[in-house]
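In this note's numbering, each number is its position in the sequence shown, counted from 1, plus 3.
Okay, structure first, notes after.
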Amino acid sequence: TLCAVTQASLAADFSRVRPERAGMSSERLERLDAVLKSYVDSGQVAGQVAMVLRKGRVVYSM
């Protein structure tokens with residue numbers, strides 16, 4: 004189990020942008036959906052929540 008939360012992240016208002024605007028690939032980030040879903044489907048985890056930030060902006064969330 005990995006959980007990383009900081010006080011700053013709880014108070015922050017992160018804006019969402021297309022991954023390419025932050026220098027990341029939409030196609031590669033979309034691969035996370037299948038990987039994370041496979042963990043739930045196989046029973047390895049009961050559920051999951053994911054968020055990727057780059058340069059202070061949300062580029063992926065599930």
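C-beta: ideal position from N, C-alpha, C; glycine also.
Anticipated Cβ contact below 8 Å, residue i with residue j, distance rounded
i, j, result
"Arg60", "Ser18", "5 Å"
"Val62", "Leu39", "So it is not a contact: roughly 15 Å between Cβ atoms."
Residue i in three-state terms, based on DSSP
i, result
"Thr19", "Correcting the residue type first, residue 19 is Arg in the shown sequence and not Thr. Reduced to three states, the DSSP call for Arg19 is strand."
"Val52", "coil"
Residues bridged to residue i [DSSP beta-bridge criterion]
i, result
"Val61", "Arg19 and Leu56"
Q | alpha helix (DSSP H) runs wholly inside the stretch 19-46, at least 4 long, in chain order | A | Runs found: 29-44.
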